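Undergrad: The end of the sequence shown is residue 423 by my numbering, with every number in the run present.
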Amino acid sequence: MVMKNFLFFALFLSVIFGQQRATTDDEEIVILNEDGTWQYQTGETGKKKDEETAKDEKENGIWITLYENGQKNSEGAYRGGKKDGQWIEWYTTGEKKSEGNYTDGKKDGKWTEWNKEWQKSEGMYTDGKKDGKWTYWELYDNGLKFKEEPYNYEKGDWTWISLYVTGQKKSGGTFKDGKKVGEWTVWYTTGEKKSGGTYRDGKKEGPWTEWYKSGQKKSGGDYTDGVKEGIWISLYEVGEKKSDEIYTDGEEVGKWTFWSPNGKESSELSFKSGRKWDGIYTKWYSNGQKWSERTYKDGKTVGLGTIWYETGQKMEEGIYEDGGKDSLWTFWFVNGKKKSERTYKDGKVHGKMNIWYETGQKMIEGNFKDEKEEGIFTRWYENGKKESKGMYRNGEQEGEWTYYNKDGRIKEVKDYLRVIKEY
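(1) When you compare each of Ser162, Gly312, Gln313 and Gly323 to Lys297 by their alpha carbons, which one comes out closest?
(2) Using DSSP with H/G/I as helix, E/B as strand and the rest coil, what is Gly247?
(3) Just confirm the distance between the C-beta atoms of Ser74 and Glu89, as a whole number of angstroms; I'd bet it's less than 8 angstroms.
(4) My parser needs the beta strand (DSSP E) runs of 3 or more residues fully inside the region 316-368; what are they?
(5) Here's a check: name, in chain order, each residue in its chain whose Cβ is nearer than 6 angstroms to the Cβ of Ala77, leaving out the five neighbours to either side.
(6) Which of the three DSSP states is assigned to Glu68 in this structure?
(7) If we count the other Cβ atoms within 10 Å of its Cβ and call it buried at 16 or more, is Glu192 buried or exposed?
(8) Measuring CB to CB, does Thr92 end up less than 8 angstroms from Asn69?
(9) State the CB to CB distance for the pair Lys194 and Asp225, rounded to an integer number of angstroms; the pair is presumed to be in contact (CB under 8 angstroms).
(10) Which whole-angstrom value describes the C-beta separation of Ser266 and Lys241, a residue pair presumed to lie in contact below a C-beta threshold of 8 angstroms?
(11) Grab the span of the beta strand (DSSP E) containing Thr224 for me, first residue to last.
(12) Does DSSP classify Glu252 as helix, strand or coil?
(13) Would you mind reading off the limits of the beta strand (DSSP E) that contains Leu304?
(14) Quick one, are the C-beta atoms of Val181 and Tyr199 less than 8 angstroms apart?
(15) Return the CA-CA distance between Asp222 and Thr174, expressed in angstroms with no decimal places.
(16) Considering Cα atoms alone, identify which of Gly80, Lys362, Gly254 and Leu328 is closest to Gly351.
(17) Applying the criterion that 16 or more other CB atoms from any shown protein chain within 10 Å of the CB defines a buried residue, is Asp407 buried or exposed?
(18) Mind checking which residues open and close the beta strand (DSSP E) that includes Val186?
(19) Below 8 angstroms CB to CB, which residues in the same chain sit around Thr190 once its five sequence neighbours on both sides are set aside?
(20) Within the same chain, show all residues whose beta-carbon is closer than 7 angstroms to that of Lys82, passing over the 5 residues directly before and after it, in chain order.
(21) Quick one: Cα of Glu293 to Cα of Lys255, how far?
(22) Verify whether the separation of the beta carbon atoms of Glu426 and Tyr404 is less than 8 angstroms.
(23) Closest by CA to Trp187, which one among Gly288, Arg393 and Gly197?
(24) If you run the structure through DSSP and keep just helix, strand and coil, what is Leu235?
(25) Pull up the distance between the alpha-carbon of Gly250 and that of Asn394, whole angstroms please.
(26) Just to confirm the assignment, what range does the beta strand (DSSP E) spanning Ser260 have?
(27) Residue range of the beta strand (DSSP E) that Tyr404 falls in?
(28) Kindly identify the DSSP beta-bridge partner or partners of Asp370.
(29) I need the straight-line Cα distance from Lys348 to Glu316, nearest angstrom please.
(30) Under 8 angstroms between the Cβ atoms of Asp278 and Thr257?
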């Protein structure tokens with residue numbers, strides 16, 4: 001390891017500190033090596049005067065330490081080997097790091113500290129521990145503080161107040177034994193209350209409430225040991241109920257109900273332990289018309305699923321199996337005419353498919369295999385005349401395809417070659 005030297009300027013003030021050590025009129029430069037040896041040099045000549053081991057020697061007097069770049073690191077006094085009186089520390093860049101008083105080697109009285117998180121903090125130390133109110137400032141142009149913390153570190157108790165850049169309170173509450181306790185409140189930047197409730201032993205406990213900026217209640221319910229418990233109610237800003245939610249040990253359970261802003265029920269959803277959807281899930285349009293309905297089991301959709309248009313006409317209907325569409329599904333236009341029929345397997349289009357124009361005329365007839373076209377496909381114009389007919393293999397056209405004009409006459413014949421193997 002490369003030996004690092006720290007330079008200390010030592011002015012041994014025997015008169016002030018009652019030391020017996022003799023001093024010269026010349027300033028002494030003291031080099032402290034990592035092995036504990038001291039090298040004394042005169043400031044005038046820079047020549048070595050003597051060398052001794054000083055591991056057990058107690059520092060006394062004024063000490064100035066330097067970084068390797070020559071920038072001052074710290075400055076203060078020692079008495080009997082302990083820091084005593086005013087001390088200042090700097091960063092390598094020359095900016096102040098801390099400034100305050102030591103008594104018998106411990107921080108005592110008013111201290112000011114600077115760092116990159118809050119830029120500046122100021123408060124009192126007692127017997128080496130923060131005590132009383134501490135104030136923190138962000139590096140804003142207006143110099144406003146952003147939080148205050150009254151400390152009692154002997155007990156681990158203090159009051160916390162954080163501020164927005166405008167000086168408006170952001171949050172406030174109390175710590176006891178280093179943990180949040182009692183009433184805590186959070187405010188909007190404009191001063192209105194945002195949320196509030198009680199902490200016990202560092203965890204949310206009992207009723208908690210959230211508000212809109214207007215003052216209207218947004219949501220409310222109980223916490224137990226830091227997690228939501230029981231019924232929680234959410235509201236729209238106009239005051240209408242938005243949802244009823246049920247929690248057990250912080251997990252969604254039971255039937256949840258949701259409402260539209262006009263007060264009409266918009267959906268219902270059931271949970272079972274483990275945050276899995278379970279039971280019938282129903283949604284409504286704002287006019288009260290049912291929008292969709294499906295059944296969940298262990299978090300997966302099963303059985304019949306249906307979606308309606310706002311008019312009440314069915315939009316689609318079919319069977320779910322293990323979370324995916326399965327078997328025949330039917331889709332309709334808003335006028336009630338059939339739009340398409342598709343067969344599914346494991347959530348993928350697989351099997352026969354038919355598509356119709358909104359007039360009721362068939363548009364396409366064919367088959368799918370794992371969501372790819374397979375077998376004969378026929379397409380018709382809206383006037384009922386055949387448009388094309390040919391074969392698909394693994395999603396690609398194959399063999400002879402015939403194309404027709406709208407009047408039914410053959411337009412062209414194409415042969416699509418599919419290379420199976422090259423020689």
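No residue lacks a Cβ here, since even glycine has one placed at the ideal position from N, Cα and C. Note that the coordinates shown come from a computational prediction; the quantities given were computed from them, not determined experimentally.
TA: Short version:
(1) Here residue 297 is taken as the residue at index 297 of the sequence shown, counted from 1. Among Ser162, Gly312, Gln313 and Gly323, the Cα nearest to that of Lys297 belongs to Gly323.
(2) Here the question's residue 247 lines up with position 247 in the sequence shown. It is worth fixing the name first, because residue 247 is Tyr in this sequence and not Gly. DSSP, reduced to helix, strand and coil, places Tyr247 within a strand of the structure shown.
(3) The residue you call residue 74 lines up with position 74 of the sequence shown. The residue you call residue 89 lines up with position 89 of the sequence shown. Confirmed, about 5 angstroms.
(4) Runs of the beta strand (DSSP E) lying entirely within the region 316-368, each at least 3 residues long, are 324-332, 338-345 and 348-356 in chain order.
(5) On the sequence shown, residue 77 is found 77 positions in, with the first residue counted as 1. Excluding sequence neighbours, Ala77 sits near Ile62, Asp84 and Gly85.
(6) Working through the sequence shown from its first residue, we reach residue 68 at position 68. In the structure shown, Glu68 falls within a coil segment according to DSSP collapsed to helix, strand and coil.
(7) What you label residue 192 is simply residue 192 of the sequence shown in a count that begins at 1. Glu192 sits exposed, since fewer than 16 C-beta atoms from the chains shown fall within 10 Å of its C-beta.
(8) What you label residue 92 is simply residue 92 of the sequence shown in a count that begins at 1. What you label residue 69 is simply residue 69 of the sequence shown in a count that begins at 1. In contact: Thr92 and Asn69 (Cβ atoms closer than 8 angstroms).
(9) As a working note, residue 194 is residue 194 in the sequence shown. As a working note, residue 225 is residue 225 in the sequence shown. Approximately 23 angstroms separates the beta-carbon atoms of Lys194 and Asp225; this is outside 8 angstroms, ruling out the contact.
(10) Here residue 266 corresponds to residue number 266 of the sequence shown, with the count starting at 1. Here residue 241 corresponds to residue number 241 of the sequence shown, with the count starting at 1. Wrong, their Cβ atoms sit about 11 angstroms apart, outside the cutoff.
(11) If you number the sequence shown from 1, residue 224 lands on position 224. Where Thr224 is concerned, the enclosing beta strand (DSSP E) stretches over Lys217 to Thr224.
(12) To locate residue 252, count along the sequence shown from 1; it is residue 252. Three-state result, Glu252: strand.
(13) Start at 1 with the first residue of the sequence shown, and residue 304 comes out as number 304. Lys300 to Trp308 is the extent of the beta strand (DSSP E) around Leu304.
(14) Start at 1 with the first residue of the sequence shown, and residue 181 comes out as number 181. Start at 1 with the first residue of the sequence shown, and residue 199 comes out as number 199. Taking C-beta atoms as the reference points, Val181 and Tyr199 count as a pair closer than 8 angstroms.
(15) Locating residue 222 in the sequence shown gives position 222, where the first residue counts as 1. Locating residue 174 in the sequence shown gives position 174, where the first residue counts as 1. About 20 angstroms.
(16) Your numbering for residue 351 matches position 351 in the sequence shown. Per the Cα distances, Leu328.
(17) Residue numbering aside, residue 407 sits at position 407 when the sequence shown is read from its first letter. The residue is exposed, with fewer than 16 neighbouring Cβ atoms inside 10 Å.
(18) Reading the sequence shown from its first residue, position 186 is the one you call residue 186. Lys179 to Trp187 is the extent of the beta strand (DSSP E) around Val186.
(19) Along the sequence shown, one-based indexing puts residue 190 at 190. For Thr190, where only same-chain residues beyond five positions count, the Cβ hits under 8 angstroms are Gln168 and Lys213.
(20) By 1-based counting over the sequence shown, the position of residue 82 is 82. Within the same chain, Lys82 has close Cβ partners Asp104 and Gly105.
(21) Your numbering for residue 293 matches position 293 in the sequence shown. Your numbering for residue 255 matches position 255 in the sequence shown. Taking the straight line from one Cα to the other gives about 15 angstroms.
(22) This structure cannot speak to residue 426, because the chain is shown only from 1 to 423.
(23) For this step, residue 187 is matched to residue 187 along the sequence shown. Trp187 has its Cα closest to that of Gly197, out of Gly288, Arg393 and Gly197.
(24) Locating residue 235 in the sequence shown gives position 235, counting from the first residue. If DSSP states are grouped into helix, strand and coil, Leu235 belongs with the strands.
(25) In the sequence shown, counting from the first residue as 1, residue 250 sits at position 250. In the sequence shown, counting from the first residue as 1, residue 394 sits at position 394. In a straight line, the C-alpha of Gly250 is about 49 angstroms away from that of Asn394.
(26) Position 260 of the sequence shown, counting from 1, holds the residue named residue 260. Membership of Ser260 in any beta strand (DSSP E) is not indicated, and neither H nor E is assigned to it by DSSP.
(27) Stepping through the sequence shown from its first residue, residue 404 is reached at position 404. Glu396 to Tyr404 is the extent of the beta strand (DSSP E) around Tyr404.
(28) In the sequence shown, counting from the first residue as 1, residue 370 sits at position 370. DSSP output for Asp370 lists no bridge partner at all.
(29) Here residue 348 refers to the residue found at position 348 when the sequence shown is read from its first residue. Here residue 316 refers to the residue found at position 316 when the sequence shown is read from its first residue. Rounded to the nearest angstrom, the two C-alpha atoms are 16 angstroms apart.
(30) Position 278 of the sequence shown, counting from 1, holds the residue named residue 278. Position 257 of the sequence shown, counting from 1, holds the residue named residue 257. Asp278 is not a Cβ neighbour of Thr257, given a cutoff of 8 angstroms.
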